[in-house]
Each structure stands twice: as C-alpha cells, then as structure tokens.
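Undergrad:
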Amino acid sequence: MFKVENVKKRFGGVQAIKGSNFEVPENKITALIGPNGAGKTTLFNIITGFIKPDEGDVYFRGQRITGKHPFEIANMGVSRTFQQVRLFKYLTIFDHLRMADDNQDTKLFKNLFARQKVDKEAYEKVLEQYGIERGLDALASELSYGQRKLLDLAMAQRKQHKILMLDEPVAGVNAVIQERIENYLLDLKQQGETILLIDHDMKFVRRLADYVIALDAGVVLVDGEPEKVLTDKRVLEAYLGE
Amino acid sequence: MISTYLIHIAIIIVIFAILAASLNLSLGYTGMINLGHIAFYGIGAYSSAILTIRHDFAFIPAIICGGLIASVFGWFLTVITSRLKGDYFALGTLGFAFVAYAVFLNWTSLTRGPLGIPGIPRPEIFGYVVRSTSDYLTFSLIVAAIVITFLWLLTRSRYGKLLEATRDDAVGLQMLGKNIFRLKYQSMMVAAFCAAIAGSLYGHYISFIDPSTFYLNDIVILLTIAIVGGLASLRGSIAAAIIIILLPEMLRFVNMPPSMIGPMRQILYALLLILILMFRPRGLFGKVDLE
Amino acid sequence: MIFNQLLINGIIAGSIYALVASGFSLIYSATRFVHFAHGAIAATGAYFVYTFFSMFGLNFYLSSFLAIICTALVGVFFFAIIYRPLQKKKSSNAILLIAGLGIMILVENLLLLMYGADVKTLNFIEVAQGKEIFGAIITPLQMFIVLISVILLVVLQLFVKKTKFGKKMLAVADNPELADITGINAKQIQYAGFAIGSALAGVAGILIGLEQNIEPVMGTQLIVKGFTGAVIGGASSLPGSILGSYLLGLTENFGIWWLPSGYKDAIAFVLLLIFLLVRPQGILGINKGVRQ
Chain A
665 MFKVENVKKR FGGVQAIKGS NFEVPENKIT ALIGPNGAGK TTLFNIITGF IKPDEGDVYF
725 RGQRITGKHP FEIANMGVSR TFQQVRLFKY LTIFDHLRMA DDNQDTKLFK NLFARQKVDK
785 EAYEKVLEQY GIERGLDALA SELSYGQRKL LDLAMAQRKQ HKILMLDEPV AGVNAVIQER
845 IENYLLDLKQ QGETILLIDH DMKFVRRLAD YVIALDAGVV LVDGEPEKVL TDKRVLEAYL
905 GE
Chain B
387 MISTYLIHIA IIIVIFAILA ASLNLSLGYT GMINLGHIAF YGIGAYSSAI LTIRHDFAFI
447 PAIICGGLIA SVFGWFLTVI TSRLKGDYFA LGTLGFAFVA YAVFLNWTSL TRGPLGIPGI
507 PRPEIFGYVV RSTSDYLTFS LIVAAIVITF LWLLTRSRYG KLLEATRDDA VGLQMLGKNI
567 FRLKYQSMMV AAFCAAIAGS LYGHYISFID PSTFYLNDIV ILLTIAIVGG LASLRGSIAA
627 AIIIILLPEM LRFVNMPPSM IGPMRQILYA LLLILILMFR PRGLFGKVDL E
Chain C
1494 MIFNQLLING IIAGSIYALV ASGFSLIYSA TRFVHFAHGA IAATGAYFVY TFFSMFGLNF
1554 YLSSFLAIIC TALVGVFFFA IIYRPLQKKK SSNAILLIAG LGIMILVENL LLLMYGADVK
1614 TLNFIEVAQG KEIFGAIITP LQMFIVLISV ILLVVLQLFV KKTKFGKKML AVADNPELAD
1674 ITGINAKQIQ YAGFAIGSAL AGVAGILIGL EQNIEPVMGT QLIVKGFTGA VIGGASSLPG
1734 SILGSYLLGL TENFGIWWLP SGYKDAIAFV LLLIFLLVRP QGILGINKGV RQ
C-alpha cells in the first residue's frame, strides 16, 4: 500500500528520521512501534504530506506522493486520525459525519440551494455502531475525550479510503472504550481493511497487528510477525534503554 | 427635515449592515482575523465611481466590476498572508488597508488623491434613476436583502460548515480531503465582493468619495459592529449596525460644538470596542470566541 | 550628492523609529503581545512636552523630564486597566491587538478633543543653518536627535545585558514558562516593560516634536514605522529592532527616489509584508507568530 524509500528528516540540529525504508502491506493491520522520539508520528506526518522530507520518497499504491498537499493525499484514499483528537469545536456531530461523507461540500454555489433535509436515521445508526452516546446535534466541544476519539474514528472510517492510519487510537481512553475500539478494529480487519497504526501498548499491538515494524529514529530495527518483533532483543533494548 | 435626516441614517445603517455581515463571513465564520476589510469597501467605492464617471459604465456593470476587482484583491491578500497566523495575520491585513489607503491618496491620476471624486451619479437601473433619498433607502434595502440572503444561504449550507471547520481546526480538515487554502481565499473573495457592493452603494449615495472614508476610523467602527453583533452571527451584525450607527447620533442632541462631535464619536466607538472585548467578547448573538 | 543627503535623512528617520521600535520590542518581549497603541503613547509624549513647555512655560529640560514620566505612566495605565485584565481572561493575541487598535483611536481622539486638530510646534531649538557634511545638509537639531537616540539605545542595551533586572527581562522574553518556574515575577517584568518602553516612546515623541509638527494622528505613523522596524529586525530582539528601524528609515528615504512621498507609510508596510513572506523570523530574532 505504502512504500517509504530512504526518507530523511532533520529538525534543527536533530536528525529525527535517519533513513526510513519500509512497506505497508494490504489488507493487514500494520503497527509502527518504538520508544518516544522514534519518529513514528513524524513518519505519519511525512506520509500524509504535513511535513516535507529532506530526502527520500513516499509511494502510495505505486504512485509517488512526496510533496503533495495533505488534502490531495487524503483524497487519494488515505484516512488518518491524530494523536491529539482534531475536531471542530463549534460544529455538531452531524456536521462532522456529513463532512466525511464526500467532497460535494467544497462547491460554493452548488451548495447554496441544496436541500437541507437529510436522512438523519442513517446517521443515528452510525452513532449507535460506534457507541457515541450523544445526539447528532451535540457540539464536538461537549463530548468527553473518549467520545471524541470514537467520533474521530467514525469520521476516518466513513471517509472514502483505501487505508486507515491511526495515531495511538486507544491512548488516554478508559478500558470500556478501549475494548470497544479494539473490537471495532478487529471487525475491520476481518473485512479486509488495510490499517497502519501507532501504539505504545504492547498487549494491544500483540492482539491486533499482523505485521509490526519497530523503529528507532525512523530506521527499521526489526519487522515481521508480532511475536518475533516484540521478543527481539534489540527492540527490548530500545525500550528499556529509554 | 427630520425625516430626511432619519432616512440618511437608515441608509448608512444598511450600508454598514452589508459591510459588517460580509466581514463576519471571513472573521466570524472562516476565522480569518481580517482587519483590512475596509480596503475592499474602498476599492468597490472607487471602482464603480471611476467606471461610471470616466468610462460611461452603467450602474449594474460598474458595481459588479467593483466587486470583481475587490475579489481579486481578496485572493491576493489571502495569498500574501497565507503563512501568517493569529495577530501577525491580523497585522498583515491591517497593513493591506494602510497600503490601499496610501494608493487612494497618492495615485492621483486615477483617484484625484485627497481631492476625492465628486459627482458620482445616482444609480440608473433599466432607465429608472434612483434619485430621491427615500428611493435610495428602498434601493439599498433591496441590495442588502440580496447580499445578506446570499450570505445566509452560504453560511447555512454544507459549504458554510466547511468554512467553520477551517476556523476550528484547519489541520484536521485537510485530512478529510478539503483544500483549506481554497476555502480561505474563496471566503475572502466573497467577503470582498460584498464589501465592494457596500462601497459602491455608499459612493453613489453620497456622490463624493475621498480616501479618509476608508481608513482607521472606519476600520474601528466596522470592527466594533462585527464584534458587538457577535462572531458567526449575521443577525448580530445587522442588529449591531443599527445600534452602533444610531448610538453616536445621540451626541447631536447634546449641546456640543460641532467640531467635537467627530472625536466624541470615535472615542465612543473605541471605548465600546475595548469594553466589549473585556466584558462580553461574544457580543450580542455571537456563537464563537474570537481567537 | 543627493545620495548622501538621502543617507543622512534615512539615518535621522531611523533613529526616531529605533526609539519607538526598541520600546515596542521591549514590551513585546516582556508581554508577548503586540501593543498597537505604542505609537499613540509616543504622541502623548509630544503633547505632554508641548503642555509643560509651550503652555505652562516651564524649562525645556524639566518639561521633557516630566513628559517622559507622564508618558510612562500613561503606558502603564493602559496596561493595568485594559491589557492585563484581558490577559487574565486568556484572551488571544488577536484580541489584544484589536484592543490596542481601540486604545490608539481612543488616545488620538482624546488628543484631538483636548488640543484641536491644528498642528503644534515647540520652537525650542531654532531651525539653524544646516552644516554640510559630504555634500549633505544636517542641522544641529538633527544631529542632536541622532545623538540622543544612539545614547539611549546604547544605555538600553547595557541595561538589558548587564543589570540583574534586565537579564530577568531577557529570561522572560526567551521562555515565559521557565521564568514562571524560576520564580521571576512575570507581572513585575511586564509592568517594567511597559514603563520603560513607554518612556522611550515619550522620548521619541519629544524628539519628533522638536523637529516636526505635533498632531494627534502622529501615533499611527509611528506605530507603523516602529512595528515594521521591530518585525523586520526580529520583534523580540532589541538589536534586531534597532537594525530594522535604520533599514526602514533608509529604505523609505531612498524609496522616494521612485515614489511620491505620500507612499512613505506604504513603503513600511510593503517592506513588512515582504519580510513576513520571505524571512518571517526577522533579520536577527525569532518571531513566534509564524507557522512553520
């Protein structure tokens, strides 16, 4: 799905990504792991176009996407969530979900006289499916952190996509919601979704991932089956040496 | 002649309602702290004045051309300020207003500089000339109704929600596949177009324009109206236009030398602006905080 | 020799801008917001000295001294009653900027109300015959202006770099959180920043009053120049703002080779926009208002 080729990035005096090479396989859950500062989120930002790499290229289904704008990459079929949930605080849950549906809304004049009535029932089903406990008219700022994570996930999933990139999908949420998210991701996996995620929780990674890539300064230390990677000496050292 | 005076005030209110509502599109809905909106108002006023007087344009083509010219500048302003945020963005747009003012003042072959442009004709629409003041009020009310209905339709549409999303979290919005730069310049262009229409209405009403109308004092009046009315609220802008324009008119009934009325008016506006920021930053009908 | 004349004019203008800009920069460092009414505060300095010297007939130096104190107080006053309450409410920098715009209009119109729209002159130093230096003409008054600014700027630099209080100020400027942790009293620093910055503005106002006319709207021009000077130099860096101000003074004066003099103010903003686009961190400092 993705191919990252010799990507390097320097911030000020720090070489955050020292030369990253890996591929993300299709129809699998791939996990990026590594200690803090391993460059996981930076790689996410490079892949989705928010940061331009100093060197190297990123390919999405064989097409070079380096230097493209984030919205272009998103429209090619990349869905992504952020570590810190990014929602629109003065908009309703309904507005959020609808925005993720399609890109018809970017047409200024076409929307002026468009019908406002929509089938709200379908959206209410989405709330149920994701376990969002507030109504469609609730503002995003009124939601609890866990609820926001769920809404964020719902949006990323509803948006047209070929891959789902999740930056710490269960960080900071309580056990109930964590389980809900986990089950949900397992369902997606069964349906053959391609998912790339970052997480710190090793148990979570072990239960979910098909393929694990351990990073250090963006460089792949070990990759392969979860069992193999998570018991590898170098990976343990990297974590313990933190 | 009290009625003529009241009609005059009403026309000014209508013009400022259009101006403030259009500012609200970029300031309140899209979250672009635009302090240079008055420049679009000036560009509209000058464009349609020059086009009708020197190039024999009819009123409607002139007002539309004025709007289009202002839109082009709206696009340009968004491009040059695209890397700035927060107060630096605000200062960049304020700078744009200063530069526009300097151009009005110094490009004398086009604008006659400080002498201003007199003799701007009353609008003629399909052979009917809007001559009397009361007719002009009706006319500007119709224009305002069209412009504000357009803005209302725009802000409640799905597109309008995207503008609000740009204000709330531009990064997140990009990941939904929306081009935020395009949203920003479109919003600025629409706002500029509407401000230019307000400017043309003003010029063709007063029949004389000079650079001083499009400077700091009016920036403060406009900001006061937009913020008192409340961000992301069109009815707030309309209500505040009425209140804010009427308020200093009370000064006329106080025994005061005429030379003091001007400064007193501005002092009143400045105080009001500061007080609303301090004690009620959401204004009358505001839905969002100024950030 | 017109080149030399423009050079000297540029230096004279730059000296005054540098005083405004360094005050602005000091306030910006201490408080982290753009004090847009800073130019209007400088204008009050000019009116204070006019009041004491031309209206009350006090000695000029005493008048200047009193005017500087009063200007500093005006600056502190506005900080205490408007900016600080806004800061406490966690208002954004854009709100503080708009409030500053409000204060500027307020002060300008109060001056207009109290002193009228007609221009005032001080007539303290007679406009003497200028001296010729390298074919350019400079009057003793202009030399005096340049000298005073340079002395003050050097003293200010020494104060910030050498005294304990000045160093504290720099610490707050570099890292507001760190300053909180290490127990440096941020509030005290902010007040001091406003007092010193406004006093410098007062000096600028007086110097302008000596050479040019005093009018209520002079504050707008001054903030445009001071702000531009500060930003193109790097808003939180004192030497940067001074450098930027001289650069601005020179650009403006050489600019009127090609443009009518009315564009002087516009030159500042065009220069500002160019810098914000091409080198947003300024010549020396780092401006925080710019997206990476």
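Protein chains in written order, with the working numbering: chain A, 665 to 906; chain B, 387 to 677; chain C, 1494 to 1785.
Yeah, the Cβ is synthetic: ideal placement off N, Cα and C, and Gly gets one too.
Looking at the strands, I want to know which residues DSSP matches up with Thr-756 of chain A.
TA: In the first sequence, the residue the question calls residue 756 of chain A occupies position 92. DSSP lists A:Leu-803 as the beta-bridge partner residues of Thr-756 of chain A.
Undergrad: Are there 16 or more other CB atoms within 10 angstroms of the CB of Pro-689 of chain A, so buried, or fewer, so exposed?
TA: What you label residue 689 of chain A is simply residue 25 of the first sequence in a count that begins at 1. That one is exposed.
Undergrad: Using alpha carbons as the reference points, say which of B:Thr-464, B:Tyr-591, B:Leu-654 and B:Gly-616 lies closest to Leu-527 of chain B.
TA: Here residue 527 of chain B refers to the residue found at position 141 when the second sequence is read from its first residue. Checking every option, the nearest Cα to that of Leu-527 of chain B belongs to B:Tyr-591.
Undergrad: Could you check whether the Cβ of Phe-666 of chain A sits closer than 8 Å to any Cβ belonging to chain B?
TA: By 1-based counting over the first sequence, the position of residue 666 of chain A is 2. Closer than 8 Å: no.
Undergrad: Taking 8 Å as the threshold (beta carbon to beta carbon), is Arg-544 of chain B in contact with chain A?
TA: The residue labelled residue 544 of chain B in the question sits at position 158 within the second sequence. Interface residue, yes.
Undergrad: Mind checking who Lys-771 of chain A pairs with in its DSSP beta bridge?
TA: Mapped onto the first sequence, residue 771 of chain A falls at position 107. Paired residues: none, contrary to the question.
Undergrad: By the 10 Å Cβ neighbour count, where 16 or more other Cβ atoms means buried, how is Val-1648 of chain C classified, buried or exposed?
TA: Counting from 1 along the third sequence, the entry for residue 1648 of chain C is found at position 155. Flag for Val-1648 of chain C reads exposed.
Undergrad: Within its chain, find whatever has a CB closer than 7 Å to the CB of Ile-1575 of chain C; leave out the 5 residues flanking it on each side and keep chain order.
TA: Taking the first residue of the third sequence as position 1, residue 1575 of chain C is located at position 82. For Ile-1575 of chain C, where only same-chain residues beyond five positions count, the Cβ hits under 7 Å are Ala-1592 and Ile-1596.
Undergrad: Mark Pro-504 of chain B as exposed unless 16 or more other C-beta atoms lie within 10 angstroms of its C-beta, in which case mark it buried.
TA: On the second sequence, residue 504 of chain B is found 118 positions in, with the first residue counted as 1. Under this definition Pro-504 of chain B is an exposed residue.
Undergrad: Report the start-end ranges of each beta strand (DSSP E) in the stretch 1498 to 1554 of chain C that is 3 residues or longer and not cut off at the edges.
TA: Runs found: none.
Undergrad: Given that Glu-550 of chain B touches chain A, what residues does it touch there, using C-beta distances under 9 Å?
TA: On the second sequence, position 164 is the one that residue 550 of chain B refers to. Within 9 Å Cβ-Cβ: Phe-752, Tyr-754, Leu-755 and Asp-759.
Undergrad: Let me know the secondary structure DSSP gives Arg-1784 of chain C once reduced to three states.
TA: Locating residue 1784 of chain C in the third sequence gives position 291, counting from the first residue. Because Arg-1784 of chain C sits at a pLDDT of 33, beneath the cut-off of 50, its placement in the model cannot be relied upon, and the point is left open.
Undergrad: Just tell me which of C:Leu-1765, C:Leu-1606, C:Glu-1625 and C:Leu-1634 has its CA closest to the CA of Pro-644 of chain B.
TA: Taking the first residue of the second sequence as 1, we reach residue 644 of chain B at position 258. Minimum Cα distance to Pro-644 of chain B is reached at C:Leu-1606.
Undergrad: Assuming contact is defined by CB atoms lying nearer than 8 Å, are Val-684 of chain B and Ile-583 of chain B in contact in what I supplied?
TA: Residue 684 of chain B is absent from the model: chain B starts at 387 and stops at 677.
Undergrad: Measuring only the C-alpha atoms, how far is Val-576 of chain B from Glu-550 of chain B?
TA: By one-based count along the second sequence, residue 576 of chain B stands at place 190. By one-based count along the second sequence, residue 550 of chain B stands at place 164. Val-576 of chain B and Glu-550 of chain B: Cα-Cα distance of roughly 15 Å.
Undergrad: What residues in its chain sit with their C-beta under 6 Å from that of Leu-1559 of chain C, if we drop five residues either side in the sequence?
TA: In the third sequence, residue 1559 of chain C corresponds to position 66, counting from 1. Closer than 6 Å at the Cβ level, and outside the excluded window around Leu-1559 of chain C, lie Phe-1545.
Undergrad: In its own chain, which residues sit with a C-beta less than 8 Å from the C-beta of Gly-720 of chain A, not counting the 5 before and 5 after it?
TA: The residue given as residue 720 of chain A occupies position 56 in the first sequence. Answer for Gly-720 of chain A: Val-668, Glu-669, Asn-670, Val-671, Lys-672, Gly-683, Ser-684 and Thr-730, listed in chain order.
Undergrad: Would you call Asn-603 of chain B buried or exposed, if buried means 16 or more other Cβ atoms sit within 10 Å of its Cβ?
TA: For the purposes of this step, residue 603 of chain B is taken as the residue at position 217 of the second sequence. By the neighbour-count rule (16 or more Cβ atoms within 10 Å), Asn-603 of chain B is buried.
Undergrad: Determine, using beta carbons only, whether Arg-779 of chain A comes closer than 8 Å to chain B.
TA: To locate residue 779 of chain A, count along the first sequence from 1; it is residue 115. No, because no Cβ of chain B sits closer than 8 Å to the Cβ of Arg-779 of chain A.
Undergrad: Under a Cβ-count criterion, where at least 16 other Cβ atoms within 10 Å of its own Cβ denotes burial, should His-760 of chain A be classed as buried or exposed?
TA: Along the first sequence, one-based indexing puts residue 760 of chain A at 96. Flag for His-760 of chain A reads buried.
Undergrad: Does the CB of Ile-1596 of chain C have a neighbour CB from chain B at under 8 Å?
TA: The count along the third sequence starts at 1 and reaches residue 1596 of chain C at position 103. Yes, Ile-1596 of chain C counts as interfacial toward chain B.
Undergrad: Please classify Glu-906 of chain A: does DSSP put it in a helix, a strand, or coil?
TA: Position 242 of the first sequence, counting from 1, holds the residue named residue 906 of chain A. Unreliable positioning characterises Glu-906 of chain A in this predicted model, as indicated by a pLDDT of 48, which lies under 50. The coordinate reading is nonetheless provided below. Here Glu-906 of chain A sits in coil by DSSP.
Undergrad: Ala-1688 of chain C and Leu-1715 of chain C: beta carbons closer than 8 Å?
TA: The residue you call residue 1688 of chain C lines up with position 195 of the third sequence. The residue you call residue 1715 of chain C lines up with position 222 of the third sequence. No, these two residues do not count as a Cβ contact at 8 Å.
Undergrad: Less than 8 Å between the CB atoms is what I'm expecting for Ala-486 of chain B and Gly-428 of chain B, so what's the real figure, rounded?
TA: Within the second sequence, the letter at position 100 stands for residue 486 of chain B. Within the second sequence, the letter at position 42 stands for residue 428 of chain B. The Cβ separation is near 6 Å, so the contact holds.
Undergrad: Consider the C-beta atom of His-864 of chain A and the heavy atoms of the ligand HEM; say whether any pair is separated by less than 7 Å.
TA: Here there are no bound small molecules, and the ligand HEM is not part of this structure.
Undergrad: Below 8 Å, how does it come out for the stretch 540 to 557 of chain B and the stretch 876 to 895 of chain A: are there three or more Cβ pairs, yes or no?
TA: no
Undergrad: Is the beta carbon of Phe-686 of chain A closer than 8 Å to that of Tyr-723 of chain A?
TA: Along the first sequence, one-based indexing puts residue 723 of chain A at 59. Along the first sequence, one-based indexing puts residue 686 of chain A at 22. Result no, Cβ atoms of Tyr-723 of chain A and Phe-686 of chain A do not sit closer than 8 Å.
Undergrad: Under 8 Å Cβ-Cβ, which residues of chain C neighbour Ala-630 of chain B?
TA: In the second sequence, counting from the first residue as 1, residue 630 of chain B sits at position 244. It is worth fixing the name first, because residue 630 of chain B is Ile in this sequence and not Ala. Result: empty, since nearest Cβ-Cβ is about 14 Å, beyond 8 Å.
Undergrad: For chain B, find out if any of its Cβ atoms is closer than 8 Å to the Cβ of Gln-811 of chain A; answer yes or no.
TA: Residue numbering aside, residue 811 of chain A sits at position 147 when the first sequence is read from its first letter. With 8 Å as the cut-off, Gln-811 of chain A does not count as an interface residue toward chain B.
Undergrad: Take the Cβ of Ile-1598 of chain C as the centre, count every other Cβ of all protein chains shown within 10 Å, and call the residue buried at 16 or more, exposed below.
TA: Indexing the third sequence from 1 puts residue 1598 of chain C at position 105. The residue in question, Ile-1598 of chain C, is buried, as its Cβ has 16 or more Cβ neighbours within 10 Å.
Undergrad: 8 Å is my cut-off, CB to CB: does Leu-800 of chain A come that close to chain B?
TA: For the purposes of this step, residue 800 of chain A is identified with residue 136 of the first sequence, where counting begins at 1. Leu-800 of chain A does not count as touching chain B.
Undergrad: I want to see whether chain B comes within less than 8 Å of Val-1717 of chain C, judged by CB atoms only; does it?
TA: As a position in the third sequence, residue 1717 of chain C is number 224, starting the count at 1. Yes, Val-1717 of chain C lies at the interface with chain B (some Cβ there is under 8 Å from its Cβ).
Undergrad: Chain B beta carbons: is any one of them nearer than 8 Å to that of Phe-1762 of chain C?
TA: Here residue 1762 of chain C refers to the residue found at position 269 when the third sequence is read from its first residue. Output row for Phe-1762 of chain C: interface = yes.
Undergrad: Out of curiosity, what's the CA-to-CA distance linking Leu-860 of chain A and Gly-795 of chain A?
TA: In the first sequence, counting from the first residue as 1, residue 860 of chain A sits at position 196. In the first sequence, counting from the first residue as 1, residue 795 of chain A sits at position 131. Going by the C-alpha atoms only, they are around 23 Å apart.
Undergrad: Ala-738 of chain A versus chain B: which residues are under 9 Å apart at the beta carbon?
TA: Along the first sequence, one-based indexing puts residue 738 of chain A at 74. Neighbours of Ala-738 of chain A on chain B, chain order: Gln-560, Met-561, Leu-562, Gly-563 and Lys-564.
Undergrad: Using a Cβ distance threshold of 8 Å, determine whether the stretch 627 to 639 of chain B contacts the stretch 411 to 428 of chain B, with at least three qualifying pairs required.
TA: The answer is no - the stretch 411 to 428 of chain B does not touch the stretch 627 to 639 of chain B, with fewer than three Cβ pairs under 8 Å.
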